[in-house]
Structures are given as structure tokens and as C-alpha cells.
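Colleague:
In the working numbering, the protein residues as written are 8 to 146.
#1: When you compare only the Cα positions, how much space is there between residue 11 and residue 67?
#2: Taking the continuous alpha helix (DSSP H) assigned at residue 83, which residues delimit it?
#3: Taking the C-alpha atoms as reference points, what is the distance between residue 72 and residue 25?
#4: Starting from residue 108, trace the beta strand (DSSP E) in both directions and tell me its first and last residue.
#5: DSSP state of residue 31, grouped into three classes?
#6: When you compare the CB positions of residue 83 and residue 115, do they come within less than 8 Å of one another, or not?
#7: May I ask which residues mark the beginning and end of the alpha helix (DSSP H) holding residue 59?
#8: Assuming residue 60 contacts residue 107 (C-beta within less than 8 Å), just tell me the rounded distance between them.
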């Protein structure tokens, strides 16, 4: 007979951890996104969908570049460095391009997800009303 107590505990701990992540992801007051190594969105939370003007699930498969203003190549390059694993984490201020092509100032922080191999990144975005950098200084 094999004792499966430890395996069951580990499975329960994994379920609890996944539930905690899902709750935080779905309920966050700021946008959260997971991005694959091809820089395509895997999943966006409801807040990011609202910020960007997309319907639920509509951002899946959209290139991350579609959400960054076309004139902000440096910021997009910095986010790409995280996806490539060259920099981790990275914070940039940029204009988020919404589905209706309007722009929204935001600060995006991207980090590599380390799960044995670099397969995706996670990012968070907070919106703001102007590009004044002093708004984001730490105290």
C-alpha cells in the first residue's frame, strides 16, 4: 500500500495557490496581463479589458504592441527585453492604445514568470491622467 497523504497535501496546496492567484488576478483594481514569449497576450484581467475598451476575452492573442502607442518604440523595446529575459523586471510609462484608438497614460510593470523555464511574462498597468513622472516617485 502506498501512502498518498503528502501528494494529496501538495495537490490541495496547489489548488489553494491557484485559487488565490485567480482571485487577485480577477479582482485587481489595476490591469494585469500574461504575455507569451512571442509577445502575444495570453490573458487579461477585467480591469485591463475595461481600461483598453475590449470585451471579456477579446485581448487573448492580441500582440502586446497593439496596446502601446505607435510612437513609443523605446518603451515597447524595454517591455520586449523582459519577454526575451534580458531585463527583469521593467517599468515604463507610456500611452496605452485603446481599441477605439484613443490613448490613456499608464505605467506598466512587466516581470518574467519563472516556472522552470521562461515561458511567459506578467504585467500590470495603472492608468493616470498625465505623463508627470513625479506622480510615480516612491516616498
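Ideal Cβ positions, reconstructed from N, Cα and C, are used throughout, including at glycine.
Modeller: Short version:
#1: Within the chain shown, numbered from 1, the residue matching residue 11 stands at position 4. Within the chain shown, numbered from 1, the residue matching residue 67 stands at position 60. Cα-Cα distance, rounded: 38 Å.
#2: One-based indexing of the chain shown puts residue 83 at position 76. First-last of the alpha helix (DSSP H) with residue 83: 80-91.
#3: On the chain shown, position 65 is the one that residue 72 refers to. On the chain shown, position 18 is the one that residue 25 refers to. Going by the C-alpha atoms only, they are around 28 Å apart.
#4: Along the chain shown, one-based indexing puts residue 108 at 101. First-last for residue 108: undefined, no H or E at that position.
#5: As a first step, residue 31 must be located in the chain shown, where it is residue number 24. Residue 31 falls in the helix class under three-state DSSP.
#6: The count along the chain shown starts at 1 and reaches residue 83 at position 76. The count along the chain shown starts at 1 and reaches residue 115 at position 108. Result no, Cβ atoms of residue 83 and residue 115 do not sit closer than 8 Å.
#7: Walking along the chain shown from the start, residue 59 turns up at place 52. That run of the alpha helix (DSSP H) goes 53-59.
#8: In the chain shown, counting from the first residue as 1, residue 60 sits at position 53. In the chain shown, counting from the first residue as 1, residue 107 sits at position 100. Sure, about 5 Å apart at Cβ, within 8 Å.
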